[in-house]
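Protein chains in written order, with my numbering: chain D, 12 to 347; chain F, 38 to 325. Think of the CB as a built atom: it goes at the ideal place given N, C-alpha and C, for glycine as much as any other residue.
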Amino acid sequence: MSAPVVTRATRASRVAMIVAALAVIVLALAPWWAGRADLRLMGEIFLYLSLACLWNLMAGYAGLVSVGQQAFVGFGGYMLFALTIFGGLHPIVAILGSGVLAAMLSVPVAALIFRLKGAYFAIGTWVMAEVFRLTFAQISALGGGSGTSLPVDVVRSLADSRSGREAFSYWLALGAAITVIACVYLFLRSRRGLALTAIRDSEVAASGLGIDIWRTKLEVYVVTSAFTAIIGGLLFLQKLRISPDAAFSVNDWTAFVIFIVVIGGIGTLEGPIIGTLIFFLLRETLADFGTIYLMVLGAVAIVVMLKAPKGVWGLVRDRYDLELFPLSYRVRTKKE
Amino acid sequence: MIEWLNAIVQGVLLGGLYALFAAGLSLIFGVMRLVNIAHGDLIILAAYLGLSTTVMLGVHPFVALLVVMPAMAGIGYVLQRGLLNQTLGTDILPPLLVTFGLSVILQNALLEGYTADPQKLSAGSIETASLSVGGLSLGVLPLLTFAMAVAVIAGLQWIFYATALGRQFRAVSDNQDIAQLMGLNKAHVFGLAMALALAVTAIAGIMLGVRTSFDPSIGGGRLIFGFEAVIIGGLGNIWGTLAGGVILGVAQTIGAKIDPGWQVLAGHIAFLVVLAIRPNGLFPRVEH
Numbered sequence: 012m013s014a015p016v017v018t019r020a021t022r023a024s025r026v027a028m029i030v031a032a033l034a035v036i037v038l039a040l041a042p043w044w045a046g047r048a049d050l051r052l053m054g055e056i057f058l059y060l061s062l063a064c065l066w067n068l069m070a071g072y073a074g075l076v077s078v079g080q081q082a083f084v085g086f087g088g089y090m091l092f093a094l095t096i097f098g099g100l101h102p103i104v105a106i107l108g109s110g111v112l113a114a115m116l117s118v119p120v121a122a123l124i125f126r127l128k129g130a131y132f133a134i135g136t137w138v139m140a141e142v143f144r145l146t147f148a149q150i151s152a153l154g155g156g157s158g159t160s161l162p163v164d165v166v167r168s169l170a171d172s173r174s175g176r177e178a179f180s181y182w183l184a185l186g187a188a189i190t191v192i193a194c195v196y197l198f199l200r201s202r203r204g205l206a207l208t209a210i211r212d213s214e215v216a217a218s219g220l221g222i223d224i225w226r227t228k229l230e231v232y233v234v235t236s237a238f239t240a241i242i243g244g245l246l247f248l249q250k251l252r253i254s255p256d257a258a259f260s261v262n263d264w265t266a267f268v269i270f271i272v273v274i275g276g277i278g279t280l281e282g283p284i285i286g287t288l289i290f291f292l293l294r295e296t297l298a299d300f301g302t303i304y305l306m307v308l309g310a311v312a313i314v315v316m317l318k319a320p321k322g323v324w325g326l327v328r329d330r331y332d333l334e335l336f337p338l339s340y341r342v343r344t345k346k347e
Numbered sequence: 038m039i040e041w042l043n044a045i046v047q048g049v050l051l052g053g054l055y056a057l058f059a060a061g062l063s064l065i066f067g068v069m070r071l072v073n074i075a076h077g078d079l080i081i082l083a084a085y086l087g088l089s090t091t092v093m094l095g096v097h098p099f100v101a102l103l104v105v106m107p108a109m110a111g112i113g114y115v116l117q118r119g120l121l122n123q124t125l126g127t128d129i130l131p132p133l134l135v136t137f138g139l140s141v142i143l144q145n146a147l148l149e150g151y152t153a154d155p156q157k158l159s160a161g162s163i164e165t166a167s168l169s170v171g172g173l174s175l176g177v178l179p180l181l182t183f184a185m186a187v188a189v190i191a192g193l194q195w196i197f198y199a200t201a202l203g204r205q206f207r208a209v210s211d212n213q214d215i216a217q218l219m220g221l222n223k224a225h226v227f228g229l230a231m232a233l234a235l236a237v238t239a240i241a242g243i244m245l246g247v248r249t250s251f252d253p254s255i256g257g258g259r260l261i262f263g264f265e266a267v268i269i270g271g272l273g274n275i276w277g278t279l280a281g282g283v284i285l286g287v288a289q290t291i292g293a294k295i296d297p298g299w300q301v302l303a304g305h306i307a308f309l310v311v312l313a314i315r316p317n318g319l320f321p322r323v324e325h
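What follows is the structure, given as structure tokens:
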């Protein structure tokens, strides 16, 4: 007679972890094997991957569907510029500082927009992002509506040589993506993550079990806002130039991120990774078509939402019962 | 003093335009609990359809409404039955993301078809005509827009509460399943609601195009103004939406009076203040 055991890890997830670890090592060595353009593209991919994971945590797990995350991307970018130019801080310190400031700012923001439900919450976040954009456009010290560039000495403080800077900002992007994925994974495996999953499945049942729904959502909102601002700082550290329209662009920082998560598979950890790869594959092959490319992207997202709401990863998981990041529990009968 | 009074009066009239943006949004939320993120882009689509009609037929923009309103209503019915009906359910994610995707598609399709150059509908002498009332100079066009908004909202109110179609709208809004049992085809009723909403959107788009220049990228901003008017006025109250539009318009013109760069920001701040003090809006519908 065999006793049933409860496990989380599977053979697939163990293999995936080993492959992921090897991939991280190979990617960390990229400055020695990749060209400059590739390095830049990969840096951008990692930052988009981070944004996608964060948006997925909010929308896919906490039910907070925001179309205003550009508020915090832009805020982080502007704080990088403000804290280095006026505060004289090192860029890395400034970026981490922008995360702390964003967390503090997100509490009163949440107090207001959490009053809106569902789809109205979504548009409320967009209003907030517009308030941020218009406010920063009024600050003449940061270039007002036309924006400003990062001074040369701030850029130099990262590394002396150009290749050194490029490698450094690449590692920052890689590090950010790994940190975000690891944090989201560990959070979802924790007790609070379980509470969050319960809320996603049924708010009524979750609150019946004693979960403070408002508070759990607030925690997720604050943490995602802080991380989003940090990613925003890193994005504009790559660009070296900021303007209100670029910093608070709904297309760049929210539409693309939403498409990535929806196409990859919302509410799964693997989804944003697959989605990011598909998104950049499409972008690199179709970018010459400009507006047509965006229309195709929008159409693909609509079709996926209607025909396969769990995205590409959802299809794979249903077909092969795969889970690369072991979040669920499995009961198995142990073979003697 | 008279300058401030003037700003307030202009704001009230501007509020008429925002109420037109909001009326369609309010209608479809009321009937099928759908929040259409593409609403602003549909307003811009109507403005461009108006442009094409005036150019091709050589008619006045207001005459073009005779073409644009049925065209938008048709688009609305097809869109609802062909696409949006499939997204309705208890999950809020599909309608939100599908209309978001639609917004991106519309925006880029307009960009492809009409380029990014700003366009304007030319309405002739009415654009600059004004009436002088007690020291205030009131533009005929803003007055006409406001009158149109009042007429549209009164018309919607009448349709909702005095016609068979309105009874069907209220029935599916109250309980879809029982409405089905009573012999209504909810897919068809929803299609009609969207057709009506987009006919109103056609008016909003033409009035916008006559008043200011427009380009494919400004839809999001119009959605936000309409949304703010709905929330300020209170969900489900269509006259409240007019009041919300007026409050938003006045906040914007007063903001612009203080500093031209503050116009839009002042409107957003007014919205956030209302949200902080009265989360259900100023005139929420009494739940029965």
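- Beta-bridge partners assigned by DSSP to D/Ser160: D/Arg252.
- As the crow flies, the alpha-carbon of D/Val315 is around 23 Å from that of D/Tyr131.
- Sequence-ordered contacts of the segment 303-315 of chain D with chain F read Ile303, Leu305, Met306, Leu308, Gly309, Ala310, Ala312, Ile313 [C-beta pairs closer than 8 Å].
- Taking 4 residues as the minimum length, the alpha helix (DSSP H) runs contained wholly in the segment 187-241 of chain F are 201-211, 213-218, in order along the chain.
- Per the C-alpha coordinates, the member of F/Tyr55, F/Ala110, F/Gly77, F/Val247 positioned closest to F/Thr136 is F/Gly77.
- When C-beta atoms of the segment 41-49 of chain F are compared with those of the segment 288-303 of chain F, three or more pairs fall below 8 Å, so the two segments count as touching.
- Taking C-beta atoms under 8 Å as the contact rule, D/Gly85 and D/Phe238 fail to qualify, at a distance of about 15 Å.
- Contact check between the segment 196-204 of chain D and the segment 74-93 of chain D: fewer than three CB pairs, one atom from each, fall below 8 Å, which does not count as touching.
- DSSP places D/Arg341 inside the beta strand (DSSP E), whose first and last residues are 341-344.
- DSSP places F/Pro321 outside any beta strand (DSSP E), giving it a letter other than H or E.
- Per the DSSP secondary-structure output, F/Ser169 pairs in a beta bridge with F/Ser174.
- Put simply, the CB of D/Gln149 is near chain F, with a gap under 8 Å to one of its CB atoms.
- Judged by DSSP in its simplified three-state form, F/Gln123 adopts helix.
- Membership of F/Val72 in any beta strand (DSSP E) is not indicated, and neither H nor E is assigned to it by DSSP.
- A distance below 8 Å separates the beta carbons of F/Val177 and F/Ser167.
- The C-beta separation of F/Tyr114 from F/Ala232 comes to about 4 Å, placing the pair in contact by the 8 Å criterion.
- Judged by their CB atoms, D/Gly88 and D/Gly243 are nearer to each other than the 8 Å cut-off.
- The alpha carbon of F/Asn222 has as its nearest neighbour, out of F/Leu202, F/Leu102, F/Leu302, the alpha carbon of F/Leu202.
- When DSSP reads this structure, F/Gln156 sits in a beta bridge with F/Phe251.
- Near chain F, meaning a CB-to-CB distance below 7 Å, the residues of the segment 109-137 of chain D are Leu123, Arg126, Gly129, Ala130, Tyr131, Ala133, Ile134, Trp137.
- If you draw a straight line from the Cα of D/Val272 to the Cα of D/Phe290, it comes to about 10 Å.
- Your pair D/Arg252 and D/Gly158 checks out as a contact, with CB atoms roughly 7 Å apart and the cut at 8 Å.
- By the CB criterion at 8 Å, F/Val267 and F/Ala59 fall inside the cutoff.
- At a cut-off of 8 Å between C-beta atoms, D/Leu58 does not count as an interface residue with respect to chain F.
- By the beta-carbon neighbour count (other beta carbons within 10 angstroms, threshold 16), F/Leu245 is buried.
- Against F/Leu312, the close residues of chain D are Leu123, Ile124, Arg126, Leu127, Gly135, in the order they occur along the chain (beta-carbon pairs closer than 8 Å).
- Annotation: F/Pro297 has no Cβ neighbours in chain D at a cutoff of 7 Å; minimum Cβ distance is about 11 Å.
- Going by DSSP, D/Pro102 is part of the alpha helix (DSSP H) stretching over 102-124.
- The Cβ of D/Leu317 sits closer than 8 Å to at least one Cβ of chain F.
- Residues of the segment 149-183 of chain F with a C-beta less than 7 Å from any C-beta of chain D: Glu149, listed in chain order.
- For D/Asp171 and D/His101, the gap between their C-alpha atoms comes out near 14 Å.
- Straight across, the Cα-Cα distance linking F/Thr238 with D/Ser109 is about 41 Å.
- Shown in chain order are the members of the segment 140-165 of chain D whose Cβ falls below 9 Å from a Cβ of chain F: Glu141, Val142, Leu145, Thr146, Ala148, Gln149, Gly155, Gly156.
- Residue state for D/Thr18 is assigned as strand, using DSSP reduced to three classes.
- A straight-line Cα-Cα distance of about 33 Å links D/Thr235 and D/Trp43.
- Chain-order list of chain D residues neighbouring F/Gln123: Leu317, by C-beta distance under 8 Å.
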